[in-house]
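Trainee: Here you go, one structure.
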Amino acid sequence: MDAYGVLGVETGCSDDEIKQAYRRLALRYHPDKNRTPKAEAKFKQINEAYAVLSDPIRRAEYDATVRRRAEGPPRSFEDLASAFVQMFRGGRAAPSDQFGTGSARPTINPWGRWGNIGDHHHSPAPHSPDTVIPISVDLALLFTGGRKSYSFKRQVECRQCAGSGAFSAAHIHSCVRCKGSGLLKDESSFGGFSGLVMRACSQCNGAGHHIARPCGACSGAGVSIESRSVTADISPGLCDGDTLVFPGLGDQLKGSAAPGRLVLEIHAGSHDVFTRNPADPEQLHCRYSISLLQALTGFTFEICALDGVWLSAPVSDVVHPRMRKVVLGEGMPRRHIPSQRGHLIVTFDVQFPHHLNQELKSYLRLLLSPQPPEHLLAALRAQEHTRGAGHVGAPPLPPLDPSRTYRSCVLRDLRSDSQQQQPQQQQQEQQQQQTTPPPPQQQQEQQQQQTTPPPPQQQQEQQ
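Position one of the sequence shown corresponds to residue 509 (my numbering), numbered consecutively onward.
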């Protein structure tokens, strides 16, 4: 199997490209999201390929094996000797077996490393790769932090046959042709040199034995699928791509000593009100709709934060469509300092009326003109006094809802901070120029100008 082909990347791609390709395919073929029959097998294949290519050592071994296969058999006695040394050295399974079908059956490669030769008990068990599962976490949980349980499926060693794939030990028979070694010796010559070449037994496919009756629980596969659940501790401020690792809860390959690690990859879920800025994960964004009357006369900004507390702030300035303001300290918590938070960016949407009659348009033209007619203003004042308001102006803002818990905040213009910093910086530079004495050369020039008398022509003009 081609590990690079499984992930759809080039041979010389970077680690980031491998990680991005893995995330994209894992989300597409995850059994919890993809219910097609081949999705589960494809997801395991993707995990095993990623386990090889994400490990620099295993990736180097895999690349070396692919190159040796492309080069063909050894062309000299030194190459042949090196191949035999690597074959009989044993070690862990060849990369092609580590991410292939997950079977303990060896993949014989006379020109590279390989494991599980003959007696499988004399070589270390294959390493189970990490099982990476993307999970969706609510934005509110990433804001407050907490615990949440997740269910998943994993591959484990069959408990009934202990991974052998046979109904019982009596149903495992040694191969007659290779006498249980899984290998056959062939005499061959390379470049004028003759020698013995070991190849896999074609009768037992290199396993060294036959299974007369397979296990009824796993149908001879040696592994089974079980459902598990895990409780994850979600820290405040976690970002997309962050991982939670659980040792021993991942998939277990056939013949491996222990299961691999379970890696939960965080992906923030969508929210009805707030969105997170991908470029700045500590920054939150939201849109706030107001009427044209509120935009012109003022209103009370109220919004429920992710922790359930309502934010409130009076707004008296005229608000333009798509105007943005910032609420300091009401963004996402900082990952390593949860007590500190980023900022909330609010974008205002001003809702205009769909229709106005001619009378209202006439009043608006008069009221919004640069100089409203005095008789119109007098009529409005009289109407206010008739209602018993006692003063002329906009009606008071409605009170806050007593059933809600509020936290006061301040809406600031996004550019106000930068506009305030520029005059302050200019004042500081001017003060430094006034307090800092000039250099010695400039002082001497100033003294000379003060002590040197003016020329005769200038003296006569002064007289």
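For glycine and all other residues, C-beta sits at the position ideal for the given N, C-alpha and C.
Note the first and the last residue of the continuous alpha helix (DSSP H) segment covering SER636.
Mentor: Note, SER636: premise wrong, no alpha helix (DSSP H); not H, not E.
Trainee: Quick check on PRO906: does DSSP put it in helix, strand or coil?
Mentor: Three-state result, PRO906: coil.
Trainee: State the CB to CB distance for the pair VAL640 and GLU525, rounded to an integer number of angstroms; the pair is presumed to be in contact (CB under 8 Å).
Mentor: That pair is no contact at about 16 Å.
Trainee: What is the DSSP secondary structure of LYS527, reduced to helix, strand or coil?
Mentor: Of the three classes helix, strand and coil, the one that applies to LYS527 here is helix, per DSSP.
Trainee: To which residues of the same chain is VAL827 closer than 7 Å at the C-beta, ignoring the five residues directly before and after it?
Mentor: The answer, listed in chain order, is ILE798, ALA803, PHE856 and VAL858.
Trainee: Per DSSP, GLU773 is paired with what?
Mentor: GLU773 pairs with PRO642 and THR751.
Trainee: In whole angstroms, what is the alpha-carbon distance linking CYS683 and LEU533?
Mentor: About 40 Å.
Trainee: So, does the region 741-761 touch the region 539-550, judging by three or more C-beta pairs under 8 Å?
Mentor: The region 741-761, when compared against the region 539-550, does not touch it at the 8 Å Cβ threshold.
Trainee: Would you kindly work out how many angstroms separate the C-alpha atoms of SER672 and GLN663, rounded to a whole number?
Mentor: Their backbone Cα atoms lie some 15 Å apart in a straight line.
Trainee: Is it the case that the Cβ atoms of GLY730 and SER689 are separated by a distance below 9 Å?
Mentor: No. Outside cutoff.
Trainee: Should VAL733 go down as buried or exposed, given a rule of 16 or more other Cβ atoms within 10 Å for buried?
Mentor: With the sequence shown as reference, residue 733 is identified as Ile, and Val is not the correct amino acid for it. Counting Cβ neighbours within 10 Å, ILE733 comes out exposed, since fewer than 16 surround it.
Trainee: So, for HIS628: in the same chain, excluding its five sequence neighbours on each side, which residues have a beta-carbon less than 6 Å away from its beta-carbon?
Mentor: Here the model assigns HIS628 a pLDDT of 39, short of 50, so the residue's position is not dependable and the matter cannot be decided.
Trainee: Secondary structure at LYS550, three-state DSSP: helix, strand or coil?
Mentor: Here LYS550 sits in helix by DSSP.
Trainee: Would you decide whether ASP523 is buried or exposed? Buried here means 16 or more other CB atoms lie within 10 Å of its CB.
Mentor: Looking at its Cβ environment, which holds fewer than 16 other Cβ atoms inside 10 Å, ASP523 is exposed.
Trainee: Based on the DSSP secondary-structure assignment, which residues constitute the bridge partners of GLY763?
Mentor: Bridge partners of GLY763: none, in fact.
Trainee: Does DSSP put PRO564 in a helix, in a strand, or in coil?
Mentor: PRO564: helix per DSSP, three-state reduction.
Trainee: For a quick check, are the C-beta atoms of ALA766 and SER562 less than 9 Å apart?
Mentor: Contact: no.
Trainee: Measure the Cβ-Cβ separation of ARG920 and LEU792 and say whether it is below 9 Å.
Mentor: Going by C-beta atoms, ARG920 is not nearer than 9 Å to LEU792.
Trainee: In whole angstroms, what separates the C-alpha of SER631 from that of ALA670?
Mentor: Confidence in SER631 is poor, its pLDDT being 47 and thus under 50, which makes the residue's placement too unreliable to answer from.
Trainee: Quick check on LEU922: buried or exposed, where buried means 16 or more other Cβ atoms within 10 Å of its Cβ?
Mentor: Exposed: under 16 other Cβ atoms inside 10 Å.
Trainee: From the DSSP output, read off the bridge partner residues of PHE860.
Mentor: In DSSP, PHE860 forms no bridge with anything.
Trainee: What is the DSSP secondary structure of GLY972, counted as helix, strand or coil?
Mentor: Nothing can be reported for residue 972, as the shown portion of the chain is limited to 509 through 971.
Trainee: Around the Cβ of ARG912, are there at least 16 other Cβ atoms within 10 angstroms (buried) or fewer (exposed)?
Mentor: Looking at its Cβ environment, which holds fewer than 16 other Cβ atoms inside 10 Å, ARG912 is exposed.
Trainee: For PRO880, I'd like the list of residues in its chain whose CB is within less than 8 Å of its CB, leaving aside the five on either flank, ordered along the chain.
Mentor: Answer for PRO880: LEU874, listed in chain order.
Trainee: Quick check on this structure: which residue in TYR658, PRO910, LEU770 and VAL560 has the alpha carbon closest to the alpha carbon of THR519?
Mentor: When each option's Cα is compared against that of THR519, the closest is VAL560.
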